[in-house]
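For the sequence shown, my numbering assigns the number 1029 to the initial residue and increments by one for each residue that follows. We put the beta carbon where it would ideally sit given N, CA and C, even for glycine. Remarks on the structure that follows.
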Amino acid sequence: MRHDHLITSKQLSRADIETVLDRAAEIDADPSAVADRHANSVLGLLFFEPSTRTKMSFETAMKRLGGSVVDMGSIESSSVKKGETLADTVRVTEGYADALVLRHPKQGSATMASEFVDVPLLNAGDGAGHHPTQTLLDLYTIRENAGLDDLTIGIMGDLKYGRTVHSLAYALTNFDTRQHFISPESLQLPREVVYDLHQEGNGTQVREHDSLEEVLPSLDVLYVTRIQRERFPDENEYQKIAGEYQIDLETLEDARDELTVMHPLPRVDEIAPEIDDTDHAAYFEQAHNGIPVRMALLDLLLENHTRGETDE
Ligand code: NCD
1029 MRHDHLITSK
1039 QLSRADIETV
1049 LDRAAEIDAD
1059 PSAVADRHAN
1069 SVLGLLFFEP
1079 STRTKMSFET
1089 AMKRLGGSVV
1099 DMGSIESSSV
1109 KKGETLADTV
1119 RVTEGYADAL
1129 VLRHPKQGSA
1139 TMASEFVDVP
1149 LLNAGDGAGH
1159 HPTQTLLDLY
1169 TIRENAGLDD
1179 LTIGIMGDLK
1189 YGRTVHSLAY
1199 ALTNFDTRQH
1209 FISPESLQLP
1219 REVVYDLHQE
1229 GNGTQVREHD
1239 SLEEVLPSLD
1249 VLYVTRIQRE
1259 RFPDENEYQK
1269 IAGEYQIDLE
1279 TLEDARDELT
1289 VMHPLPRVDE
1299 IAPEIDDTDH
1309 AAYFEQAHNG
1319 IPVRMALLDL
1329 LLENHTRGET
1339 DE
């Protein structure tokens, strides 16, 4: 990994992805080996949108590497409330931390913010844009459960506003995959993403569907997503779609026994709880994989950044 900032999964080559996943697997096997590795490092958490998993797993990951975190806290209690710009917030906080994690409701905000800082900046979600660290833990989970090559994956739900979907779809073009996108017409993948996938994909097959039925029996992985209510311009539009594209045990009757069901969480009602206890369910394991994967990523970025500084 030679990157300073991680803004979109488009930056990641197959080699980059394998480096992070291999390091994560090593850490997963023996976390104590890295317990003091970044004892003097501080990670800055800047979350301008709600988060449970991403924020807590970054915090846990940094602490398990021996480091510590500083957290901007809620917008209500920060200077953002007084009108501070994002550029100023990151310029100030880079003085307090060795790396920054940013989540922001505006698409493109992470790219903009990264132009103002020298420490590594990790995009933890920019509006309906990208969420590359989620993608790395998704890939880790797919690799463990189904393997990343010769993979048939269905990605279902809110493909328009779902940033985890955009990031995952781009990253999967590094592998030999057949990607099926299942959604209502109004929540299809943005056209530019479909165009890019066709352009970038080295043999990646991309198909769009409005129903799961026809593709389900061929899938190795089904990645379900939440309808991103907070990004809907019109609440009536949300109400029309909410509740569609849910799965339960009956839906999965035609699935392969080996089908892995994933979800970035939080789920609302997309996956019936009765699926939780089946061998299909990998979404809690997926959330737990956030720890070794984010530990690996932080380790690689901090290591690179420190080495870069001493080399200069
Ligand atoms: C996702 C997000 O924030 O984009 N959550 C997460 O980080 N695991 C998915 C979502 O909110 O639906």
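Practice prompt. For Leu1325, collect the residues of the same chain with a Cβ closer than 6 angstroms to its Cβ; drop the 5 residues on either side in sequence, then sort them by chain order.
Written response: Val1048
Worksheet item: The alpha helix (DSSP H) spanning Ala1152 covers which residue range?
Response: Element bounds for Ala1152: not the alpha helix (DSSP H) but the beta strand (DSSP E), Leu1149 to Asp1154.
Worksheet item: Got a sec, what are the start and stop residues for the beta strand (DSSP E) Asp1285 sits in?
Response: Note, Asp1285: premise wrong, no beta strand (DSSP E); not H, not E.
Discussion item. Please report the straight-line C-alpha distance between Ile1055 and Met1323, rounded to a whole angstrom.
Written reply: 8 angstroms
Practice prompt. Using the Cα positions of Thr1338 and Ile1319, report the straight-line distance between them to the nearest angstrom.
Written response: Because Thr1338 carries a pLDDT of 47, less than 50, the predicted location of this residue cannot be relied on, and the following value inherits that uncertainty. Roughly 28 angstroms separates the two Cα atoms.
Item to complete: Report the rounded CA-to-CA distance for Ala1141 versus Arg1206, giving the unit in angstroms.
Response: Going from the Cα of Ala1141 to the Cα of Arg1206 covers about 34 angstroms.
Worksheet item: If we count Cβ pairs, one from each stretch, closer than 8 angstroms, do we get three or more for the region 1239 to 1258 versus the region 1273 to 1288?
Response: yes
Discussion item. My assumption, with CB atoms under 8 angstroms, is that Gly1153 sits in contact with Thr1082. Please give the rounded CB distance.
Written reply: 7 angstroms
Discussion item. Using the Cβ count rule (16 or more neighbours within 10 Å means buried), how would you classify Gly1157?
Written reply: buried
Worksheet item: In the structure shown, what three-state DSSP assignment does Leu1130 receive?
Response: strand
Fill in: Straight-line Cα distance separating Met1090 from Glu1340
Low confidence applies to Glu1340: its pLDDT is 42, below 50, so where it sits in the model is not reliable enough to give any reading.
Discussion item. Give the residues whose C-beta lies closer than 7 angstroms to at least one heavy atom of the ligand NCD, in chain order.
Written reply: Ser1079, Arg1081, Thr1082, Gly1153, His1159, Gln1162, Gly1190, Arg1191, Thr1192, Thr1253, Arg1254, Gln1256, Pro1292, Leu1293 and Pro1294
Fill in: Exposure of Ala1283, with buried meaning 16 or more beta-carbon neighbours within 10 Å
With 16 or more other Cβ atoms within 10 Å, it is buried.
Item to complete: Over the uninterrupted alpha helix (DSSP H) stretch that includes Arg1081, give me the two end residues.
Response: Unbroken alpha helix (DSSP H) run through Arg1081: Arg1081 to Arg1092.
Worksheet item: Buried or exposed: where does Tyr1223 fall if 16 or more other Cβ atoms within 10 Å of its Cβ makes it buried?
Response: exposed
Worksheet item: Are Ala1199 and Pro1148 touching if we call contact CB-CB under 9 angstroms?
Response: no
Discussion item. Does any residue of chain E have a CB that is nearer than 9 angstroms to the CB of Arg1284?
Written reply: Structure shown: chain E not included; a single protein chain is present.
Fill in: Cβ-based neighbour list, Phe1203, same chain, cut-off 6 angstroms, excluding 5 preceding and 5 following
Leu1176 and Asp1177
Worksheet item: What is the rounded straight-line gap between the Cα of Leu1187 and the Cα of Gly1155?
Response: 13 angstroms
Fill in: 7 angstroms CB neighbourhood of Pro1218 in its chain, flanking five on each side removed
Lys1188
Worksheet item: Beta-carbon separation of Phe1209 and Arg1235 under 9 angstroms?
Response: yes
Worksheet item: Ordered along the chain, which non-local residues of its own chain (more than five positions away) have a Cβ less than 6 angstroms from that of Val1259?
Response: With the sequence shown as reference, residue 1259 is identified as Arg, and Val is not the correct amino acid for it. A distance below 6 angstroms between beta-carbons, with the five flanking residues on each side excluded, links Arg1259 to the following residues of its chain, in chain order: Ala1156 and Tyr1189.
Practice prompt. Indicate the three-state DSSP secondary structure (helix, strand or coil) for Leu1200 in the structure shown.
Written response: In the structure shown, Leu1200 sits in a helix (DSSP, three-state: H, G or I).
Discussion item. Using only CA atoms, which one of Ala1063, Ser1211, Val1062 and Tyr1168 lies nearest to Glu1298?
Written reply: When each option's Cα is compared against that of Glu1298, the closest is Ser1211.
Fill in: Segments assigned beta strand (DSSP E), at least 3 residues, entirely inside the region 1183 to 1253
Every beta strand (DSSP E) of 3 residues or more that sits fully in the region 1183 to 1253 is shown, in chain order, as 1205 to 1210, 1233 to 1237 and 1249 to 1252.
Fill in: The alpha helix (DSSP H) enclosing Ser1137, as first and last residue numbers
Unbroken alpha helix (DSSP H) run through Ser1137: Ser1137 to Ser1142.
Discussion item. Rounding to the nearest angstrom, what Cα-Cα distance links Leu1280 and Leu1244 in this structure?
Written reply: 8 angstroms
Fill in: Residue nearest to Thr1080 in terms of C-alpha spacing, selected from His1316, His1333, Asp1126 and Leu1330
His1316
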